[in-house]
Amino acid sequence: MLKYFISISLFLYSLNFFSQEKDSIVYKDSYGLRVGIDLYNPISSFIDNSRKGLELVGDYRISKKFYIATELGFTEKTTDLDLLNFTTKGQYIKAGLDYNTYENWLNMENIIYFGFRYGFSTFNHTLNSAIINSDPFLPEQEITAPREFDNLNAHWAELIVGIKAEILHNVYLGFSFSGKKMITDKEPEGFKNLFAPGFNRVFLNDSGFGLNYTISYLIPIYKKNK
Amino acid sequence: MKNTLFILLLLIIVTTSCERDDICIDATTPNLLINFFDNEDPTETNPVTNLSVRVLEIENDSLPLLTNDTIVSVPLKVTELNTRYILTLNSLGDSSTDATIKLNRDTINVTYTPQEVFVGRACGFKSVFNNVTYELTDDSNNWIKSLEVVSDTINDETVAHVKIFH
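Those protein sequence lines, which keep their order, are chains A and B.
Numbers 5 to 230, taken from our numbering, label the letters of the first sequence in order.
Numbers 529 to 694, taken from our numbering, label the letters of the second sequence in order.
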């Protein structure tokens, strides 16, 4: 049965080929500018209110596999620890490349990518309160007057893995995870950069992690054969 | 495709599991280290028999310290510019049946300038102490004969900061 099926198909296909040459469907890739907004900040400020921020994301397809990508945003985050409470305020920009590893079927345009970013941010900390870490049996010393640590900055590198799925025509829902490593940062005097906008929490070995949920819209500029 | 998803999942697990490394392991506010020496032979350390140390003006007996060691570690008040200690020789003297063992209290006043130093996320701020001076209150029957300042700065606990000869 199968044998006949294939023969018939081939036969029909050849008919099709000869008779309707102009109608054959060619799937094309959309090239354009994709712009979007990060959903992680609004979600997290809804949950605990200690973090406020906005991040805009964008990428531009430069070849079949590569995209130039950027994120920019601002963050205001209050970190509350056992012995410290401080607020970090600042803005950041990241730029780099995404490499799509996913081979799409037909006219699908989903992306599973690896990316690299260079990040830069400028920010300040306000130390709201602190307790001097000393002998627990003696009276404790509190720092109650807020202290400002201004004109700080950080440079870092990021590796990203993520997906972007087309949920509606030209509308993408994205999720990505990033690992970060601080390259250089301007440390405040008498304090440390425990948090940096765009970098998030700075771990002991100068590394960091990030999660992003994004919704974005592709503005198609031209189409190109696959 | 499968691999990518696996990596994604793994990374999510890694981020959520290494959330708390907030245990303070660095040195915080240093204690004052007192080293006891023999007054007759100042090069020899000499333990104090049943020494007890108390911080003056602290309500509950904060330092239930009783030692026969040659070195003691006592905290300094970070809220003040001085801390007074009562060092008691033969602190078990009253309960002793031997009447020749006499309890003897001496008071030392330590003055200093505290300075805040930031340590890190888990440890927060610590205090170090500069311009440290010591003063022994004369009570006509001091068991402490003299003091020798080793360092006028207390910023770590590697060596004793003051020597007491008795």
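Note that beta-carbon positions come from the ideal geometry of N, C-alpha and C, so glycine has one too.
Per the DSSP calculation, residue i is bridged to which residue(s)?
i, result
"Ala158 of chain A", "A:Ser125 and A:Asp189"
"Asn658 of chain B", "B:Thr641"
"Asn576 of chain B", "A small correction: the amino acid at residue 576 of chain B is Val; Asn does not occupy that position in the sequence shown. DSSP lists no partner for Val576 of chain B."
"Thr218 of chain A", "A:Asp42 and A:Gly178"
"Gly1 of chain A", "No information on residue 1 of chain A is available, as it lies outside the stretch 5 to 230 that chain A covers here."
"Gln95 of chain A", "A:Phe78 and A:Thr126"
"Arg612 of chain B", "B:Asn637"
"Arg582 of chain B", "B:Ile614"
"Phe237 of chain A", "Residue 237 of chain A lies beyond the stretch modelled for chain A, which goes from 5 to 230, so this question has no answer here."
"Ser211 of chain A", "A:Lys185"
"Glu170 of chain A", "A:Tyr176"
Can you tell me the Cα-Cα spacing of residue i and residue j, whole angstroms?
i, j, result
"Cys546 of chain B", "Phe213 of chain A", "Confidence at Cys546 of chain B is low in this model, with a pLDDT of 48, below 50, so its placement is unreliable and the value that follows should be read with caution. If you take the alpha carbons of Cys546 of chain B and Phe213 of chain A, they lie about 10 angstroms apart."
"Tyr117 of chain A", "Thr126 of chain A", "28 angstroms"
"Glu144 of chain A", "Thr611 of chain B", "14 angstroms"
"Tyr106 of chain A", "Asn174 of chain A", "17 angstroms"
"Leu131 of chain A", "Lys190 of chain A", "17 angstroms"
"Asn128 of chain A", "Ile135 of chain A", "21 angstroms"
"Val600 of chain B", "Phe50 of chain A", "52 angstroms"
"Ile171 of chain A", "Glu644 of chain B", "55 angstroms"
"Leu110 of chain A", "Tyr31 of chain A", "6 angstroms"
"Met112 of chain A", "Phe207 of chain A", "39 angstroms"
"Asp33 of chain A", "Cys552 of chain B", "54 angstroms"
"Phe199 of chain A", "Thr92 of chain A", "7 angstroms"
"Val583 of chain B", "Ala149 of chain A", "29 angstroms"
"Tyr640 of chain B", "Glu152 of chain A", "27 angstroms"
"Phe78 of chain A", "Phe141 of chain A", "42 angstroms"
"Asn683 of chain B", "Ala555 of chain B", "10 angstroms"
"Phe657 of chain B", "Lys673 of chain B", "25 angstroms"
"Val678 of chain B", "Asp667 of chain B", "24 angstroms"
"Ala650 of chain B", "Lys68 of chain A", "47 angstroms"
"Val687 of chain B", "Thr607 of chain B", "24 angstroms"
"Tyr96 of chain A", "Gly648 of chain B", "24 angstroms"
"Leu617 of chain B", "Asn669 of chain B", "12 angstroms"
"Asn559 of chain B", "Pro192 of chain A", "27 angstroms"
"Phe21 of chain A", "Asn108 of chain A", "Model confidence at Phe21 of chain A stands at a pLDDT of 49, short of 50, so the residue's coordinates are unreliable; what they give is reported in the following sentence. The straight-line gap from Cα to Cα measures roughly 25 angstroms."
"Val706 of chain B", "Glu585 of chain B", "In the structure as shown, chain B begins at 529 and stops at 694. Residue 706 of chain B is therefore absent and cannot be evaluated."
"Phe693 of chain B", "Thr598 of chain B", "11 angstroms"
"Ile29 of chain A", "Lys56 of chain A", "48 angstroms"
"Arg121 of chain A", "Lys605 of chain B", "48 angstroms"
In chain order, what residues of the same chain have a beta carbon less than 8 angstroms from the beta carbon of residue i, not counting five sequence neighbours either side?
i, result
"Thr571 of chain B", "Phe565"
"Asp84 of chain A", "Ser54"
"Ser138 of chain A", "Glu144 and Gln145"
Determine the closest residue to residue i out of the options, with distance taken between C-alpha atoms.
i, options, result
"Glu80 of chain A", "A:Arg205, A:Gly178 and A:Asp86", "A:Arg205"
"Gly233 of chain A", "A:Tyr44, A:Lys56, A:Tyr71 and A:Val61", "Examination of residue 233 of chain A is not possible in this model, given that chain A is present from 5 through 230 alone."
"Thr661 of chain B", "B:Thr595, B:Asn567 and B:His689", "B:His689"
"Asp102 of chain A", "A:Asn209, A:Phe195 and A:Ile167", "A:Ile167"
"Leu593 of chain B", "B:Asp666, B:Glu585 and B:Val602", "B:Val602"
"Glu162 of chain A", "A:Asn209, A:Thr188 and A:Gly119", "A:Gly119"
"Ala169 of chain A", "A:Ile66, A:Lys56, A:Ser67 and A:Asn104", "A:Asn104"
"Asn197 of chain A", "A:Phe181, A:Ile225, A:Leu177 and A:Asn157", "A:Asn157"
"Ser580 of chain B", "B:Arg649, B:Leu620, B:Glu676 and B:Thr556", "B:Leu620"
"Thr681 of chain B", "B:Lys630, B:Val576 and B:Ser655", "B:Ser655"
"Ile47 of chain A", "A:Gly183, A:Lys228 and A:Leu215", "A:Leu215"
"Ile164 of chain A", "A:Gly183, A:Pro201, A:Gly94 and A:Ser211", "A:Gly183"
"Ser133 of chain A", "A:Asn89, A:Asn155, A:Ile115 and A:Asp154", "A:Asn89"
"Lys227 of chain A", "A:Asp52, A:Ile66 and A:Leu58", "A:Ile66"
"Trp671 of chain B", "B:Asn659, B:Thr635, B:Pro558 and B:Lys605", "B:Thr635"
"Ile614 of chain B", "B:Ile562, B:Ile629, B:Thr557 and B:Glu568", "B:Ile562"
"Asp86 of chain A", "B:Glu685, B:Leu609, B:Asp550 and B:Pro575", "B:Asp550"
"Asn155 of chain A", "A:Ile225, A:Lys56 and A:Gly94", "A:Gly94"
"Leu76 of chain A", "A:Gly123, A:Gly194 and A:Asn229", "A:Gly123"
Excluding sequence positions up to five away, which residues of its chain have a Cβ less than 6 angstroms from the Cβ of residue i?
i, result
"Arg38 of chain A", "Asp63, Ser220 and Leu222"
"Tyr217 of chain A", "Leu43, Tyr44 and Phe179"
"Gly3 of chain A", "Absent from the model: residue 3 of chain A. The displayed extent of chain A is 5 to 230, so no value can be given."
"Thr595 of chain B", "Leu579"
"Phe646 of chain B", "Phe653"
"Thr74 of chain A", "Gly62 and Ala99"
"Thr188 of chain A", "His159"
Can you give me the Cβ contacts of residue i inside the same chain, cut-off strictly under 7 angstroms, excluding the 5 residues immediately before and after it?
i, result
"Lys185 of chain A", "Trp160, Ala161, Asp210 and Ser211"
"Thr577 of chain B", "Asn596, Leu617 and Asn618"
Relative to chain B, which residues along the segment 142-161 of chain A have a C-beta separation below 8 angstroms, given in chain order? Flagged, chain order: Leu142, Pro143, Glu144, Gln145 and Ile147.
Chain A contacts made by the segment 550-561 of chain B, where a contact means CB separation under 8 angstroms: Of all residues in the segment 550-561 of chain B, Asp550, Cys552, Thr556, Thr557 and Asn559 have a Cβ within less than 8 angstroms of some Cβ in chain A.
For the segment 593-607 of chain B, enumerate the residues whose C-beta is nearer than 7 angstroms to any C-beta of chain A, in chain order. Answer set for the segment 593-607 of chain B: Pro603, Lys605, Val606 and Thr607.
With 9 angstroms as the C-beta to C-beta threshold (strictly closer), list the residues of the segment 37-52 of chain A near chain B in chain order. Within the segment 37-52 of chain A, no residue qualifies.
At a CB distance below 9 angstroms, what residues from the segment 637-664 of chain B approach chain A? Give them in sequence order. Per Cβ criterion, the list reads Pro642, Glu644, Val645, Phe646, Val647, Gly648, Arg649, Ala650, Cys651, Gly652, Phe653, Lys654 and Ser655.
Residues within the segment 182-195 of chain A neighbouring chain B, beta-carbon criterion of under 7 angstroms: So the close ones are Gly194 and Phe195.
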